[in-house]
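Inspection log for the structure reproduced underneath, given as structure tokens.
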Amino acid sequence: MGSIVIRNVVKRYGRGAKANPVIHGVSADIADGEFIVIVGPSGCGKSTLLRMVAGLEEISEGEISIGPRVVNDVEPADRDIAMVFQNYALYPHMSVYDNMAYGLKIARVPKPEIETRVQKAAKILELGALLERKPRELSGGQRQRVAMGRAIVRQPQAFLFDEPLSNLDAKLRAQTRLEIQKLHNELGVTSLFVTHDQVEAMTLAQRMIVMNAGRIEQIGTPEQVYSKPATTFVAGFIGSPPMNLMAGQGDGSRFTLGGTALSLPSAAPRAGALILGLRPEHAEVQPEGRWPMKVEMIEMLGAERLIYGRLGDALFTLRVDATLTPPKLGESVRIDAPPEHLHWFDADTGQRVG
Ligand code: ADP
Numbered sequence: 001m002g003s004i005v006i007r008n009v010v011k012r013y014g015r016g017a018k019a020n021p022v023i024h025g026v027s028a029d030i031a032d033g034e035f036i037v038i039v040g041p042s043g044c045g046k047s048t049l050l051r052m053v054a055g056l057e058e059i060s061e062g063e064i065s066i067g068p069r070v071v072n073d074v075e076p077a078d079r080d081i082a083m084v085f086q087n088y089a090l091y092p093h094m095s096v097y098d099n100m101a102y103g104l105k106i107a108r109v110p111k112p113e114i115e116t117r118v119q120k121a122a123k124i125l126e127l128g129a130l131l132e133r134k135p136r137e138l139s140g141g142q143r144q145r146v147a148m149g150r151a152i153v154r155q156p157q158a159f160l161f162d163e164p165l166s167n168l169d170a171k172l173r174a175q176t177r178l179e180i181q182k183l184h185n186e187l188g189v190t191s192l193f194v195t196h197d198q199v200e201a202m203t204l205a206q207r208m209i210v211m212n213a214g215r216i217e218q219i220g221t222p223e224q225v226y227s228k229p230a231t232t233f234v235a236g237f238i239g240s241p242p243m244n245l246m247a248g249q250g251d252g253s254r255f256t257l258g259g260t261a262l263s264l265p266s267a268a269p270r271a272g273a274l275i276l277g278l279r280p281e282h283a284e285v286q287p288e289g290r291w292p293m294k295v296e297m298i299e300m301l302g303a304e305r306l307i308y309g310r311l312g313d314a315l316f317t318l319r320v321d322a323t324l325t326p327p328k329l330g331e332s333v334r335i336d337a338p339p340e341h342l343h344w345f346d347a348d349t350g351q352r353v354g
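Read in our numbering, the sequence shown has 314 at position 314, and its numbers run on one by one without any break.
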């Protein structure tokens with residue numbers, strides 16, 4: 001019913017010789033009831049893709065279906081979707097109740113039905129005590145909840161969220177993230193959520209679509225994307241601090257970078273130019289470790305410390321438990337990593353090879 005299918009979709013802004021392609025043929029299947037996050041750096045085309053699903057941008061090529069219907073030529077108002085934007089633009093002169101009821105009034109939904117839907121949404125969002133207030137009498141988080149309430153009362157086939165949390169401060173963002181999860185657990189409505197924030201993506205998504213420069217790099221669960229990134233782009237984008245990515249030459253159980261040969265805990269998948277990836281949390285300081293690293297900087301984050309140094313000519317970051325005694329600046333330590341945490345990528349294409 002509320003599935004969304006995106007098939008070979010291309011978007012070009014402008015026409016003829018001036019046409020500027022920004023989405024280069026993307027496909028994705030979103031199941032009914034799924035919570036999907038589209039994540040990628042600013043300008044990669046996330047909002048454009050979402051806006052094509054919403055009907056706010058024309059589709060240059062390809063096809064988008066919502067439920068059983070191809071919606072390429074269906075007006076936004078007839079697509080049976082509800083959008084929540086970053087800029088939630090409530091009507092300042094209307095009460096919370098009227099802000100939520102307004103769309104339904106316009107759609108000529110009978111009054112008792114409006115009352116039922118608004119009360120139900122208010123209960124889910126814990127807005128019951130605020131229904132008579134004006135938006136200016138609400139906190140930022142409460143306003144965002146009203147914006148969500150407005151979407152919920154429409155009982156759409158899908159919710160489309162365009163960076164709805166980016167105007168909130170960090171604490172409120174974390175709290176609202178939990179509320180959105182709870183909401184999805186209760187309502188089970190298909191959701192497409194756009195963000196540039198990989199933490200938001202990891203915590204909210206059932207599956208995530210990682211985009212870069214108008215293309216999909218990977219679609220998968222947060223676990224899949226974190227543990228088996230399909231490309232160096234995904235490896236560097238998901239995870240904080242990002243995965244260490246080191247370009248060098250593989251040769252059996254050795255990897256040479258900048259003239260330094262590192263012995264490997266397991267053989268490289270093939271010989272030649274490769275990129276070795278290792279997450280900061282998967283390397284550790286060990287007296288018998290295989291690789292020497294000179295410590296250049298240390299940051300204390302509370303529960304953990306980040307230790308920065310150099311492996312061969314590559315910068316390397318380790319994330320270690322803060323209860324462990326840290327090395328000293330300038331000290332040479334030995335580090336190691338279990339073989340299952342090594343990631344290998346083709347040096348030219350950036351594609352995962354092992
Ligand atoms: P994101 O949401 O990932 O930040 P957008 O989808 O907003 O990215 O933009 C993708 C690309 O399309 C960007 O390069 C942007 O400059 C371009 N773009 C967006 N809207 C328009 C427009 N109306 N006209 C021309 N180019 C646009």
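No residue lacks a Cβ here, since even glycine has one placed at the ideal position from N, Cα and C.
All values derive from a computational prediction rather than experimental measurement.
Residue i: first and last residue of the uninterrupted alpha helix (DSSP H) it sits in
i      : result
Tyr355 : There is simply no residue 355 to check, as the chain begins at 1 and stops at 354 in what is shown.
Ile275 : It is not in any alpha helix (DSSP H) - Ile275 instead sits in the beta strand (DSSP E) that spans 272–278.
Arg352 : Taken as a continuous stretch (DSSP letters only), Arg352 belongs to no alpha helix (DSSP H), as it is neither H nor E.
Val109 : Segment: none, Val109 is in no alpha helix (DSSP H) and carries neither H nor E.
Leu245 : First-last for Leu245: 244–251, but that is the beta strand (DSSP E), not the alpha helix (DSSP H).
Arg51  : 46–54
Ala147 : 140–152
Nearest to residue i (by Cα), restricted to the options the options
i      : options                        : result
Leu183 : Lys46, Val153, Val194, Arg15   : Val153
Ala271 : Ala247, Arg290, Val84, Leu278  : Ala247
Thr48  : Ser332, Gly214, Pro326, Val333 : Gly214
Pro338 : Lys134, Gln351, Ala283         : Ala283
Val118 : Phe159, Arg133, Asn99          : Asn99
Arg220 : Ile4, Val39, Arg15             : Strictly speaking, residue 220 in this sequence is Gly, with Arg absent from that position. Nearest C-alpha to Gly220: Val39.
Asn244 : Thr256, Tyr308, Thr195         : Tyr308
Asn8   : Gly62, Glu34, Leu50            : Gly62
Gln181 : Ser139, Ala230, Asn167, Phe159 : Phe159
Ala230 : Ile216, Ser240, Pro241         : Ile216
Arg69  : Gly2, Ile335, Trp344, Pro222   : Gly2
Ile23  : Gly45, Arg15, Glu34, Gly14     : Gly45
Arg150 : Gly350, Gly140, Ile114         : Ile114
Ile238 : Val37, Gly55, Val26, Leu187    : Val37
Arg334 : Leu262, Gly350, Ser227, Ala268 : Leu262
Three-way DSSP call (helix, strand, coil) for residue i in this model
i      : result
Glu63  : strand
Asp169 : coil
Glu304 : strand
Ile124 : helix
Asp348 : coil
Leu119 : Leu is not the amino acid found at residue 119; the sequence shown has Gln there. In the structure shown, Gln119 sits in a helix (DSSP, three-state: H, G or I).
Ala261 : strand
Arg415 : Residue 415 is absent from the structure shown; the chain starts at 1 and stops at 354.
Thr231 : strand
Ala268 : coil
Val199 : helix
Gly43  : coil
Leu342 : coil
Glu299 : strand
Arg136 : helix
Gly236 : helix
Gln155 : coil
Tyr226 : helix
Bridge partners - residue i, DSSP secondary structure assignment
i      : result
Met293 : Val333
Lys220 : In the sequence on display, residue 220 carries Gly and not Lys. Answer is Met208, bridged to Gly220.
Leu192 : Ile36, Leu160
His282 : Per DSSP, none; premise fails for His282.
Phe85  : Asp162
Arg69  : Ile66
Phe255 : Gly250, Leu262
Leu311 : Ala314
Endpoints, the beta strand (DSSP E) within which residue i is located
i      : result
Leu131 : Run containing Leu131: none; DSSP gives neither H nor E here.
Ile4   : 4–13
Val319 : The amino acid at residue 319 is misidentified as Val; the sequence shows Arg. Per DSSP, Arg319 belongs to the beta strand (DSSP E) from 314–321.
Ala28  : 20–30
| Neighbouring residues (CB closer than 5 Å to any heavy atom of the ligand ADP) | Result: Tyr13, Val22, Ser42, Gly43, Cys44, Gly45, Lys46, Ser47, Thr48.
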